[in-house]
Amino acid sequence: MIRTYTRLTTALDRAEWLLPTLARVVFVGVLLLYFWVSALTKLGEGAGGLLWLSDTAYMQIFPKAVEAAGYDAAHLGWGYRLVAVLGTWAEFLLPLCIAIGLMTRLSALGMIVFVAVQSYVDIYGHDVGAKTTGAWFDHISNAAIVDQRALWVLLLMILVIKGAGPLSLDAALRSTRRAEL
């Protein structure tokens with residue numbers, strides 16, 4: 359029995375490709391569309407919608423500032439616009455990069471920052487209640503912010519530490535570069 363266990367753990371130790379590949383598959387299956395659908399709600403009308411976001415975008419990202427501006431996002435300064443546009447682009451591009459395995463470590467790190475900012479805005483900007491915020495080390499494991507997002511960050515940390523794995527553009531670019539040398 360110990361011999362079988364040792365063989366199994368040795369095989370798993372050699373399968374360094376498995377964890378980052380599964381992490382990317384889980385990210386795509388669970389979070390890719392979540393972030394893309396969220397980003398789509400922020401786009402403005404027409405072709406310029408990537409630069410001129412909807413008022414909804416500002417209400418989602420800067421709820422208290424929009425309230426202070428009389429719910430008219432046009433009264434917000436250029437700094438708000440810049441942060442909202444860059445954040446919306448990040449919500450499209452960073453998950454895409456993780457999905458295809460391009461600049462995976464940097465993209466996963468960017469997503470960790472994004473999730474931290476998202477959580478801060480949800481808790482302090484939208485004033486979600488304690489039930490939604492949740493807490494660690496309680497008997498309730500389904501709080502939308504503290505519990506779920508801790509698991510998201512753990513998934514992303516695997517990619518920061520291990521990279522994308524062999525089925526990725528990162529790996530293809532590495533092998534192309536090695537062939538050129």
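First residue of the sequence shown? That's 359 in this note's numbering, and the numbers climb one at a time after it. Quick reminder that beta carbons are idealized off the backbone N, C-alpha and C, glycines included.
Pop quiz: residue i and residue j are said to be a contact at Cβ under 8 Å. What is the actual Cβ separation, rounded to whole angstroms?
| i | j | result |
| --- | --- | --- |
| T490 | I470 | Not really, about 21 Å apart at Cβ, beyond 8 Å. |
| G483 | K422 | 6 Å |
Might you give, ordered along the chain, the residues of its own chain that have their beta carbon closer than 6 Å to the beta carbon of residue i, omitting 5 neighbours on each side?
| i | result |
| --- | --- |
| A381 | L513, I516 and L517 |
| R535 | none |
| Y559 | A question about residue 559 goes unanswered here, because the residues of the chain that appear run from 359 up to 539. |
Roughly how many angstroms separate the alpha carbons of residue i and residue j, rounded to a whole number?
| i | j | result |
| --- | --- | --- |
| T364 | K520 | 23 Å |
| I498 | G492 | 8 Å |
| L467 | C455 | 12 Å |
| L434 | V473 | 23 Å |
| V511 | D505 | 10 Å |
| A530 | L408 | 30 Å |
| L377 | A426 | 46 Å |
| A522 | R532 | 12 Å |
| A405 | A373 | 45 Å |
| R439 | V424 | 12 Å |
| T367 | M359 | 12 Å |
| A537 | L390 | 32 Å |
| A369 | V388 | 28 Å |
| G437 | V475 | 16 Å |
| D496 | D485 | 21 Å |
| T362 | D371 | 14 Å |
Taking the Cβ atom as the reference point for each residue, do residue i and residue j lie within a distance shorter than 7 Å?
| i | j | result |
| --- | --- | --- |
| S465 | L444 | no |
| A448 | L411 | no |
| V386 | A457 | yes |
| A501 | T446 | no |
Near residue i, what residues of its chain come up, given a Cβ to Cβ distance below 8 Å and the 5 sequence neighbours on each side ignored?
| i | result |
| --- | --- |
| P524 | W375 and T379 |
| W494 | V504, D505 and A508 |
| T399 | S412, T414, A415 and Q418 |
Leaving out five residues before and five after residue i in sequence, what residues of the same chain have Cβ atoms less than 7 Å from its Cβ?
| i | result |
| --- | --- |
| G402 | W410, L411 and S412 |
| W394 | F450 and P453 |
| L527 | I458, G459 and L460 |
Does the ligand SAM have a heavy atom nearer than 6 Å to the CB of residue i?
| i | result |
| --- | --- |
| D413 | The ligand SAM is absent from the structure shown, which contains no ligand whatsoever. |
The region 461-469 in contact with the region 423-434 per 3-pair CB rule at 8 Å
Contact between the region 461-469 and the region 423-434 is absent: fewer than 3 CB-CB pairs across the two stretches fall below 8 Å.
If contact is defined by three or more beta carbon pairs under 8 Å, each pair taking one atom from either stretch, is the region 405-421 in contact with the region 477-491?
Per the Cβ contact rule, the region 477-491 is in contact with the region 405-421 (3 or more Cβ pairs under 8 Å).
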